[in-house]
Structures are given as C-alpha cells and as structure tokens.
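Data block below; observations after.
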Amino acid sequence: NAGVTQTPKFQVLKTGQSMTLQCAQDMNHNSMYWYRQDPGMGLRLIYYSASEGTTDKGEVPNGYNVSRLNKREFSLRLESAAPSQTSVYFCASTPRGSSYNEQFFGPGTRLTVL
Amino acid sequence: KQEVTQIPAALSVPEGENLVLNCSFTDSAIYNLQWFRQDPGKGLTSLLLIQSSQREQTSGRLNASLDKSSGRSTLYIAASQPGDSATYLCAVGKAAGNKLTFGGGTRVLVKP
Chain A
482 NAGVTQTPKF QVLKTGQSMT LQCAQDMNHN SMYWYRQDPG MGLRLIYYSA SEGTTDKGEV
542 PNGYNVSRLN KREFSLRLES AAPSQTSVYF CASTPRGSSY NEQFFGPGTR LTVL
Chain B
8 KQEVTQIPAA LSVPEGENLV LNCSFTDSAI YNLQWFRQDP GKGLTSLLLI QSSQREQTSG
68 RLNASLDKSS GRSTLYIAAS QPGDSATYLC AVGKAAGNKL TFGGGTRVLV KP
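Respectively, the protein sequence lines represent chains A and B. Under my numbering, the residues of the first sequence are numbered 482 to 595, in order. Under my numbering, the residues of the second sequence are numbered 8 to 119, in order.
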C-alpha cells in the first residue's frame with residue numbers, strides 16, 4: 482500500500498494564479514482532511530470530508546475549495562493564490578471520523594506564492 | 008476554542024537520557040489525543056493514540072500519559088538515541104469527524 486499520496490511535492494505560483502493539490506489514499510478510508518502547516522503555528526485544518534460526497538469547513542477555509550471526487554481522492558483548490566497561502570499542505574485520512582482511529586498523513590506539498 | 012501548547016519549543020539532550028515532552032490543552036472535552044513525529048521536510052508519523060477514557064498508552068520505548076482534568080499529556084521516550092531527533096507534535100481530537108487541533112511542536116535533538 483502506498484498509503485496517502487500527494488501531488489505535486491513542490492509548487493511555485495504567482496499571485497492570482499490557480500492550482501489544485503491532489504491527494505489520494507489506498508487504505509479504503511472514509512474520512513479525509515486537508516491541513517496547512519506554518520512555522521510556529523502547528524497544523525491547522527482547512528477542510529475535511531467525513532465520507533464520500535460530503536465536505537465541511539475547518540478552522541481556516543477562506544481562499545480554498547475542495548472536492549471529494551470519490552472515496553480515494555480529495556483535492557484542494559486555490560482559485561486565486563495569495564502570498565499568505567505560502568505554506569506546507571498536508572492531506573490525511575482515517576478509517577472513519579471516530580475517536581478510535583488515528584489519522585495517517587501524506588508527505589506534503591510545499592507551496593510558495595510570489 | 009481549543010488551544011494546544013507544547014513547551015519547550017526545542018530541546019537538546021545527550022544520548023541515553025530519557026526525554027519528557029509536554030502538551031497542554033485548554034478544553035478538557037476531548038475525544039482523543041494523538042502524538043506524532045515529523046522529520047525535516049517530511050510528513051507526520053503517528054506514534055500513539057490515547058482515547059479520552061484512557062490514562063496512558065505504550066509502544067516500545069514510548070509512553071504517553073493523559074490527564075484530562077488538568078489538560079495535560081506527556082510523552083516519555085526512554086533511553087534516547089540520535090535517531091529520535093525530530094519534531095514531536097501533539098494533537099487533540101474533538102467533535103464529530105475527529106478533527107484535530109495541533110500544538111506547535113517540540114523540536115528534539117539527541118546528541119551522540
């Protein structure tokens with residue numbers, strides 16, 4: 482099993498450009514999450530999807546949209562990138578959004594917005 | 008709003024010494040608490056998951072305790088090794104969907 486995979490690994494954008502970060506998991510997990518990690522601030526939840534077909538906002542959703550394409554894939558879209566969105570983005574998944582299930586993380590996408 | 012704090016932000020110890028990492032949270036109504044390890048430029052690896060009803064969890068040289076009433080968790084790493092050098096993050100899970108709130112992490116350096 483590859484676990485949680487993310488593409489691309491690195492990306493540089495100019496202000497105003499758009500892009501989609503891709504995430505896929507092969508563990509048959511129901512719940513998936515997008516976090517961003519900024520220096521000194523830990524990870525913060527952007528959006529999550531409890532199950533296929535559902536999405537909900539997290540702590541910092543402004544400027545982002547998500548799509549739960551199917552059970553395996555959960556994408557994050559930046560419609561008009563801003564320098565404040567420079568960050569490392571992590572996707573995670575868990576069998577279901579239960580307190581008994583740990584979350585598994587992908588390797589991250591390092592995004593720079595100039 | 009839940010806030011999670013990890014102090015100190017960085018820690019350096021000689022090899023063989025026991026590591027004690029602290030995590031505190033402001034809202035005791037949590038579902039669980041999870042400890043992660045993050046190597047530079049890498050993703051997060053789950054180390055231990057403690058349910059809200061549990062007091063501790065153990066895995067090899069790692070032991071994590073949870074005291075909900077005081078809003079604290081401690082991760083103990085016995086007989087530290089240079090390979091334990093990494094950033095350790097704690098996160099508390101709350102509410103439906105098990106959404107996690109993270110602390111800022113403690114960066115650990117184990118010197119040979």
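C-beta: ideal position from N, C-alpha, C; glycine also. All of these numbers come straight from a predicted model, not from anything done at the bench.
>> I believe residue 562 of chain A touches residue 499 of chain A by the beta-carbon criterion, under 8 Å. Please report the beta-carbon distance rounded to the nearest angstrom.
In response: 7 Å
>> Considering only their Cβ atoms, is the gap separating residue 502 of chain A from residue 556 of chain A smaller than 8 Å?
In response: yes
> Going by other Cβ atoms of all chains shown within 10 Å of its Cβ, with 16 needed for buried, is residue 80 of chain B buried or exposed?
Replying inline: buried
>> Can you tell me whether residue 15 of chain B is helix, strand or coil according to DSSP?
In response: coil
>> Against chain B, which members of the segment 548-568 of chain A pass a CB distance test of less than 8 Å?
In response: none
> For residue 561 of chain A, which of helix, strand or coil comes out of DSSP?
Replying inline: In this structure, residue 561 of chain A counts as coil in the three-state DSSP scheme.
>> Between the alpha carbons of residue 25 of chain B and residue 118 of chain B, how many angstroms are there, rounded?
In response: It is roughly 12 Å from the alpha-carbon of residue 25 of chain B to the alpha-carbon of residue 118 of chain B.
>> Along the segment 49-64 of chain B, where does the CB come closer than 8 Å to a CB of chain A? Name the residues.
In response: Within the segment 49-64 of chain B, the qualifying residues are 49, 50, 51, 52, 53, 56, 58 and 59.
> For residue 74 of chain B, which of helix, strand or coil comes out of DSSP?
Replying inline: strand
> What does residue 486 of chain A pair with, by DSSP beta-bridge criteria?
Replying inline: A:505
> What are the boundary residues of the beta strand (DSSP E) that residue 106 of chain B is part of?
Replying inline: 106-109
> Can you tell me whether DSSP reads residue 542 of chain A as helix, strand or coil?
Replying inline: Here residue 542 of chain A sits in coil by DSSP.
> In chain B, which residues lie with their C-beta within 7 Å of the C-beta of residue 592 of chain A?
Replying inline: By Cβ distance, chain B contributes nothing, its closest Cβ being about 14 Å from residue 592 of chain A, past 7 Å.
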